[in-house]
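Colleague:
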Amino acid sequence: MLSFAVGQALQIVAQCVGLVVSLMVIPPITVGTIRKIKARLQNRIGAPLFQPFFDLRKLSMKGETVSKETSWLFRATAVINLSIMLLLACLVPWLSFTPAVFGCDLFLIIYLFALSRFFTVLSALDSGSAFSGFGASREVTLALLVEPAIVLCLASLGVAFHSSDLCTVFSFTNTAPVPWILWFLAGSGLFLTSLIELSRMPVDDPTTHLELTMVHEAMILENSGTNLALIEYTHFLKLAVLLGLSTQCILHALMTRGIADELVRGVASLVGIGILALTIAVIESTAVKMRWSKVPEFIAYPVAISLLCMLIAVLRWTK
Amino acid sequence: MTLDTYEVIALFAAVAAILMLGTTHLRLNLTFYCLHTLAIAAETAWISYLSGEPQHLIAAAGVLVKALGIPIFLGWIIRKLDVDSDVGTYLPAPLCMHLGIVMLGVSYLLSNQIPGVNGDDATFGATSAIGILFCGILLMLTRKVAISQIVGFLVIENGIYLFALTQTRGMPLIIEMGLLLEVLVAVMITGLLLFNIKKSFEHIDVTQLTELRDQ
Chain A
146 MLSFAVGQAL QIVAQCVGLV VSLMVIPPIT VGTIRKIKAR LQNRIGAPLF QPFFDLRKLS
206 MKGETVSKET SWLFRATAVI NLSIMLLLAC LVPWLSFTPA VFGCDLFLII YLFALSRFFT
266 VLSALDSGSA FSGFGASREV TLALLVEPAI VLCLASLGVA FHSSDLCTVF SFTNTAPVPW
326 ILWFLAGSGL FLTSLIELSR MPVDDPTTHL ELTMVHEAMI LENSGTNLAL IEYTHFLKLA
386 VLLGLSTQCI LHALMTRGIA DELVRGVASL VGIGILALTI AVIESTAVKM RWSKVPEFIA
446 YPVAISLLCM LIAVLRWTK
Chain B
7 MTLDTYEVIA LFAAVAAILM LGTTHLRLNL TFYCLHTLAI AAETAWISYL SGEPQHLIAA
67 AGVLVKALGI PIFLGWIIRK LDVDSDVGTY LPAPLCMHLG IVMLGVSYLL SNQIPGVNGD
127 DATFGATSAI GILFCGILLM LTRKVAISQI VGFLVIENGI YLFALTQTRG MPLIIEMGLL
187 LEVLVAVMIT GLLLFNIKKS FEHIDVTQLT ELRDQ
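Listed in order, the protein sequences are those of chains A and B.
Residue numbers for the first sequence follow this note's numbering, beginning at 146 and rising by one.
Residue numbers for the second sequence follow this note's numbering, beginning at 7 and rising by one.
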């Protein structure tokens, strides 16, 4: 009995260590991978895989310029957003080897994402720059269009499992068998949504600094030094969490029978994030950025997929 | 309660048909059509595996003719005629896609009412088939370019085929081969007709074909 308890405690400690290490390592490496693959696809050698670490270190050692027009909110936002995103990364089951926090309601997750966006927009407006206001306005428009998709994708899984607890949904147990098509659709819907949320290619170009086209970059234009490092790290973390969540959906679609081996699951979730990063890099190398007026047509796709998820979940429930 | 594999594949075909409604880009439309037809061929193969009848021949012919042949032929026509996208649909494409989802819900209610549908077992197959039928109808009603009309016709045909397949677990081989040939001939003829329409009218907008013109 005692040895069982000790074994369980050891497992939880190992899971926590795994979570902390992956919080520090996975987000910058994911971004580095995307940049490296993009460079290779454009026949460039590209920056090394660990370049995001070096960038973060460089930024955090730099001095900071803050406009005298701003209030305390401008500097506080970076810290607030980082803490929200760290909380999210601990709650959301985006890797299969992190400790399961029971009670992470899907609506809590959605509101935490919205809260972080709210502070980003506030700080953009606070800086008083015209471009930041521009970016903030666009970000809010996108958020308005995208939010139903992410809510419905997660809620349809919740309906299928009769629970709004994400850790129950993503627990690889076979208590409520869900057809693979539901997992697959939810995963692809979440992936398309995260392309928009993370301001990746068809909607926003993450590398551009042309004022007319950017959304996310325009909002953080006034930040520098440590603040910028924190914001960048928050963004990397958001990318890893959202990609991890869609990976989990697709893994569940592949493993609807339920795989018991935890090691296989853990490695598969890491490999899945890598594959999605590769997909993003390929999309960004082949697709062109959409005109702003065409973006709603693109967003209609994740919304339609999420509506289909909901329809299938509800119809299956009534069957 | 779980869905059977053949119901899931049928639902996948319906999803691909609905996603087809969301874009006015003709090449993307054809890609989705290819995906949709591949799903239907997979459905045929799966049902042949379940029933033990030689339906896999139909599946192979379907892949060859409908999923590869027709999209390649239509793609060639698109390149020759130099049209990219459908300008001026009657209903905005995203709205049309969401209407398609509503129609999938409606077809679930309908498939419970049809007396021929045998109970719980075939409801989801019938739902997807009627949903695909509605998608084809929406495609034909809202689009103006003649190529979209052809694709809409093909989608309707797929819907009817899927309905027959899921309800009767496969028709006689000779009938299905005949259907396939008929579709192929129809697409070939309309495709060739499009060349002549384009040559004499300089557009392929079906709404303007009602006007008479002297040559």
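No residue lacks a Cβ here, since even glycine has one placed at the ideal position from N, Cα and C.
With a threshold of 6 Å on Cβ separation, who are the neighbours of V162 of chain A within its own chain once the five nearest residues in sequence on each side are excluded?
Modeller: Here the set comprises nothing.
Colleague: Please report the distance separating the alpha-carbon of E214 of chain A from that of V237 of chain A.
Modeller: Straight-line Cα distance between these residues: approximately 37 Å.
Colleague: Give the straight-line distance between the Cα atoms of M7 of chain B and R461 of chain A, rounded to the nearest whole angstrom.
Modeller: With a pLDDT of 46 at M7 of chain B, under the threshold of 50, the modelled position of this residue cannot be trusted; read the value that follows with caution. Going from the Cα of M7 of chain B to the Cα of R461 of chain A covers about 7 Å.
Colleague: Return the first residue and the last residue of the alpha helix (DSSP H) that M222 of chain B is part of.
Modeller: This structure cannot speak to residue 222 of chain B, because chain B is shown only from 7 to 221.
Colleague: Can you name the residues that DSSP bridges to D250 of chain A?
Modeller: According to DSSP, D250 of chain A bridges with A:D310.
Colleague: Is the shortest distance between the beta-carbon of V433 of chain A and the beta-carbons of chain B less than 9 Å?
Modeller: Not closer than 9 Å to any Cβ of chain B, the Cβ of V433 of chain A fails to qualify, so no.
Colleague: So with CB distances below 9 Å, who are the chain A contacts of L116 of chain B?
Modeller: Chain A residues near L116 of chain B: none, gap ~13 Å exceeds 9 Å.
Colleague: Let me make sure I understand the geometry here. Which of B:R175, B:W82, B:F38 has the alpha-carbon closest to that of A73 of chain B?
Modeller: Looking at the Cα atoms, B:F38 is the closest of the given residues.
Colleague: Terminal residues of the continuous alpha helix (DSSP H) containing G106 of chain B?
Modeller: 99 to 119 is the extent of the alpha helix (DSSP H) around G106 of chain B.
Colleague: So, are the CB atoms of R33 of chain B and G81 of chain B less than 9 Å apart?
Modeller: Yes, these two residues count as a Cβ contact at 9 Å.
Colleague: Can you find the residues in the same chain that come closer than 7 Å, C-beta to C-beta, to L87 of chain B, ignoring five residues on each side of it along the sequence?
Modeller: Closer than 7 Å at the Cβ level, and outside the excluded window around L87 of chain B, lie L200, K204, I210.
Colleague: Considering only residues of the same chain and omitting the five flanking positions on each side of A234 of chain A, which have a CB-CB separation below 7 Å?
Modeller: Excluding residues within five positions, the ones whose Cβ falls inside 7 Å are L168, L382, V386.
Colleague: Under a three-way DSSP split, which group does H209 of chain B fall into?
Modeller: Coil at H209 of chain B, not helix or strand.
Colleague: Is the region 388 to 403 of chain A touching the region 221 to 228 of chain A in the sense that three or more CB pairs, one from each, lie closer than 8 Å?
Modeller: No, the region 221 to 228 of chain A is not in contact with the region 388 to 403 of chain A.
Colleague: Do you know whose CA, among A:T313, A:K203, A:I418, A:L335, lies nearest V291 of chain A's CA?
Modeller: Out of A:T313, A:K203, A:I418, A:L335, A:L335 has the C-alpha closest to the C-alpha of V291 of chain A.
Colleague: From F279 of chain A to S414 of chain A, what does the alpha carbon distance come to, in whole angstroms?
Modeller: Those two C-alpha atoms are separated by around 37 Å.
Colleague: Between the Cα of P193 of chain A and the Cα atoms of A:G208, A:V176, A:S205, which residue gives the shortest distance?
Modeller: The shortest Cα separation from P193 of chain A among A:G208, A:V176, A:S205 belongs to A:V176.
Colleague: What alpha helix (DSSP H) runs, 4 residues minimum, are completely inside the region 433 to 460 of chain A?
Modeller: Whole alpha helix (DSSP H) segments, 4+ residues: zero.
Colleague: Between R189 of chain A and chain B, is there a C-beta pair that is closer than 9 Å?
Modeller: Cβ-Cβ to chain B under 9 Å: no for R189 of chain A.
Colleague: Does the region 442 to 456 of chain A come into contact with the region 284 to 302 of chain A, if we say contact requires no fewer than three beta-carbon pairs (one atom in each stretch) closer than 8 Å?
Modeller: These segments touch.
Colleague: Would you say F285 of chain B and M194 of chain B are within 9 Å of each other, going by their C-beta atoms?
Modeller: Because chain B in this structure spans residues 7 to 221, residue 285 of chain B falls outside the shown range and cannot be described.
Colleague: Residues of chain A with CB under 7 Å from I107 of chain B, in chain order?
Modeller: By Cβ distance, chain A contributes A449, L452, L453, L456.
Colleague: I need the DSSP call for V1 of chain B, collapsed to helix, strand or coil.
Modeller: In the structure as shown, chain B begins at 7 and stops at 221. Residue 1 of chain B is therefore absent and cannot be evaluated.
Colleague: Return the CA-CA distance between T95 of chain B and Q196 of chain A, expressed in angstroms with no decimal places.
Modeller: Taking the straight line from one Cα to the other gives about 47 Å.
Colleague: Identify the continuous alpha helix (DSSP H) that holds M169 of chain A and give its terminal residues.
Modeller: Its alpha helix (DSSP H) spans residues 147 to 186.
Colleague: So, is the C-beta of Y256 of chain A closer than 9 Å to a C-beta in chain B?
Modeller: Y256 of chain A does not count as touching chain B.
Colleague: Chain A partners of P100 of chain B, CB-CB under 7 Å?
Modeller: Here the neighbours are P441, E442, A445.
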